[in-house]
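FYI, the numbering for the sequence shown is 2 to 310, going by our numbering. Backbone N, C-alpha and C define an ideal beta-carbon position, used for all residues, glycine too. Note that the structure is predicted; figures quoted are calculated from it, not measured.
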Amino acid sequence: MNTKNVFKYIFIPCDSGKPVEEREGDSSGGLSNDSLQGTAKKYFESLGGNANPNPHRIRQQIMAAGMAEHAKNLSDAELMSMAKGMTTCEIIALTVPTPLNKHQAVSMYGDDNSRNKNFPLNERATMLRKYCGNVGDIQVFGDVFVGRCIDNEAKDIWKRIDFIETDLNENSEWCKVARMKGGGSYSGNGMSYNPEAAAAQFLQSSQQQQGYHEQELQNGIKWSQSDEEVELKLDNIPAGTKAKYVKVSFTKLSLKVTLTGQTLVNGKTGGEVDVSDSTWTIQDNANKRELCITLSKKNPGKSWTFAVK
Numbered sequence: 002m003n004t005k006n007v008f009k010y011i012f013i014p015c016d017s018g019k020p021v022e023e024r025e026g027d028s029s030g031g032l033s034n035d036s037l038q039g040t041a042k043k044y045f046e047s048l049g050g051n052a053n054p055n056p057h058r059i060r061q062q063i064m065a066a067g068m069a070e071h072a073k074n075l076s077d078a079e080l081m082s083m084a085k086g087m088t089t090c091e092i093i094a095l096t097v098p099t100p101l102n103k104h105q106a107v108s109m110y111g112d113d114n115s116r117n118k119n120f121p122l123n124e125r126a127t128m129l130r131k132y133c134g135n136v137g138d139i140q141v142f143g144d145v146f147v148g149r150c151i152d153n154e155a156k157d158i159w160k161r162i163d164f165i166e167t168d169l170n171e172n173s174e175w176c177k178v179a180r181m182k183g184g185g186s187y188s189g190n191g192m193s194y195n196p197e198a199a200a201a202q203f204l205q206s207s208q209q210q211q212g213y214h215e216q217e218l219q220n221g222i223k224w225s226q227s228d229e230e231v232e233l234k235l236d237n238i239p240a241g242t243k244a245k246y247v248k249v250s251f252t253k254l255s256l257k258v259t260l261t262g263q264t265l266v267n268g269k270t271g272g273e274v275d276v277s278d279s280t281w282t283i284q285d286n287a288n289k290r291e292l293c294i295t296l297s298k299k300n301p302g303k304s305w306t307f308a309v310k
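1) Are the beta-carbon atoms belonging to K299 and K253 less than 9 Å from one another?
2) Pull the bridge partners of R290 from the DSSP assignment, please.
3) Could you check what DSSP says for D163 in three-state terms: helix, strand or coil?
4) When burial is assigned at 16 or more other CB atoms within 10 Å of the CB, is R180 buried or exposed?
5) From which residue to which residue does the beta strand (DSSP E) around V111 run?
6) Please name the residue in F146, Q38, P121 whose C-alpha comes closest to that of E23.
7) Could you tell me whether the stretch 147-165 touches the stretch 101-112, where touching means 3 or more Cβ pairs closer than 8 Å?
8) Less than 8 Å between C-beta atoms, sequence neighbours within five positions excluded: which residues of the same chain meet that for G18?
9) Please state whether DSSP places F307 in a helix, a strand or coil.
10) In terms of residues, what are the limits of the beta strand (DSSP E) holding A94?
11) Rounding to the nearest angstrom, what Cα-Cα distance links I165 and E232 in this structure?
12) Report the option in L296, W175, L292, Q140 whose CA atom is closest to the CA atom of T99.
13) In whole angstroms, what is the alpha-carbon distance linking G86 and N170?
14) Can you check whether the CB of I222 is closer than 9 Å to the CB of A155?
15) Is it buried or exposed, N172, if we count other Cβ atoms within 10 angstroms and call 16 or more buried?
16) Considering only C-alpha positions, which residue in the set V141, Y132, S47 is nearest to G184?
17) For V276, which residues in the same chain have their Cβ closer than 6 Å to its Cβ, ignoring the five residues on either side in sequence?
18) Leaving aside the five residues before and after W159 along the sequence, list all residues of the same chain whose C-beta is less than 8 Å from its C-beta, in chain order.
19) Within 10 Å of its beta-carbon, does I162 have 16 or more other beta-carbons around it, so buried, or fewer, so exposed?
20) On the DSSP bridge assignment, give the partners of T295 in chain order.
21) Only counting the same chain, and skipping five residues up and downstream in sequence, which positions put a Cβ closer than 6 Å to that of R130?
22) Which same chain residues end up closer than 6 Å to N267 when comparing Cβ atoms and leaving out the 5 residues on each side of it in sequence?
23) Using only the alpha-carbon positions, how far apart do T20 and D278 sit?
24) Rank D285, K289, W305, T280 by C-alpha distance to the C-alpha of T295 and give the top, closest one.
25) Using alpha carbons as the reference points, say which of T96, G272, E25 lies closest to D228.
26) When the Cα of T264 is compared with those of L235, D285, N102, which residue comes out closest?
27) Since F120 sits in a beta bridge, which residues does DSSP pair it with?
28) Kindly give me the distance between the Cβ atoms of I13 and A126, rounded to whole angstroms, as I take these residues to be in contact under 8 Å.
29) At which residues does the beta strand (DSSP E) containing M252 begin and terminate?
30) From Y110 to Q226, what does the alpha carbon distance come to, in whole angstroms?
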């Protein structure tokens with residue numbers, strides 16, 4: 002590995018009895034082939050799930066995805082096997098790049114299904130989220146990786162830089178800046194762009210919208226349909242929200258939308274979805290951003306009585 006391309010990142014085990022590890026990665030792949038994200042994904046895939054995942058939680062998750070009958074017919078052993086296979090890498094934005102923090106973003110990488118796999122609370126990772134001003138449900142479960150990058154879209158710059166063990170301190174410079182107004186997170190001094198706060202802002206503002214026909218507005222989401230597809234628009238996404246902080250998951254009978262771990266939409270769709278033909282985009286809309294989701298109908302011509310619930 003070329004020493005010019007070496008960057009440092011942190012591994013935080015959920016077991017407080019194990020030490021935090023400072024590791025090295027190769028930055029030569031850039032954003033498209035980020036070695037830290039790749040390492041994290043492989044780690045969580047190899048880890049699988051806890052030997053005793055909670056079958057009740059898994060059953061609830063499958064039912065919430067609109068597959069209640071399927072969930073009823075699965076044994077606990079089948080549910081636990083399913084839990085072990087449900088592994089993706091969740092990216093939690095501890096800070097997002099702003100001019101005040103010199104366009105430096107700090108991200109935490111964990112198992113996307115850590116709670117259902119019954120992983121223990123990671124007290125050190127949870128405290129780190131508190132130190133940098135994250136709000137809401139900030140609990141972290143299971144092992145995590147933490148890294149930093151410079152992300153300046155205006156200058157088309159993205160590169161990995163060091164995040165070391167001393168950065169885990171509450172009084173580290175990046176934490177102090179993050180807690181300031183405009184520092185990339187949230188503090189008592191005011192709101193800057195924070196993905197979790199943005200999610201809360203969307204949920205609150207969507208409940209206050211007026212003037213739409215009932216069929217056009219469900220849970221703060223405007224929607225319409227044609228014979229071929231259903232279109233949903235979430236138009237209260239705060240300015241500054243980047244596509245990489247949004248996660249849209251389609252299944253045959255469900256839709257889930259999250260903003261760095263905060264759920265905006267999660268429910269059963271009004272009909273069967275052709276997943277391979279469904280898409281989403283995020284774009285500017287006045288002084289906010291609009292998330293547009295297009296669900297392709299599996300059965301064209303069949304009308305849906307609701308979009309998602």
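Reading it off the structure:
1) yes
2) I238, D285
3) coil
4) Label assigned to R180: buried.
5) Before going on, a small fix: residue 111 reads as Gly here, not Val. Taken as a continuous stretch (DSSP letters only), the beta strand (DSSP E) holding G111 covers 105-112.
6) F146
7) yes
8) none
9) coil
10) Unbroken beta strand (DSSP E) run through A94: 90-96.
11) Roughly 44 Å separates the two Cα atoms.
12) W175
13) Note on G86: pLDDT 46, under 50, position unreliable in the model; no value is reported.
14) No; because the gap between Cβ atoms is not below 9 Å, this pair is not in contact.
15) exposed
16) Per the Cα distances, Y132.
17) Once the five neighbours on either side are set aside, the close Cβ partners of V276 are F251.
18) G31, L32, C150, I151, D152, N153
19) exposed
20) In the DSSP output, where bridge partners are listed per residue, T295 has E232, T280.
21) Cβ contact annotation for R130 (same chain, cutoff 6 Å, sequence separation greater than five): I139, in chain order.
22) K257
23) Per the sequence shown, the amino acid found at residue 20 is Pro instead of Thr. Counting only the Cα atoms, D278 lies some 46 Å from P20.
24) T280
25) Measuring C-alpha to C-alpha distances from D228 to each of T96, G272, E25 identifies G272 as the nearest.
26) L235
27) BP columns for F120 are empty, so no partner.
28) 5 Å
29) Looking at the sequence itself, residue 252 is Thr, so the reference to Met does not match. T252: not part of any beta strand (DSSP E); DSSP gives it neither H nor E.
30) Rounded to the nearest angstrom, the two C-alpha atoms are 37 Å apart.
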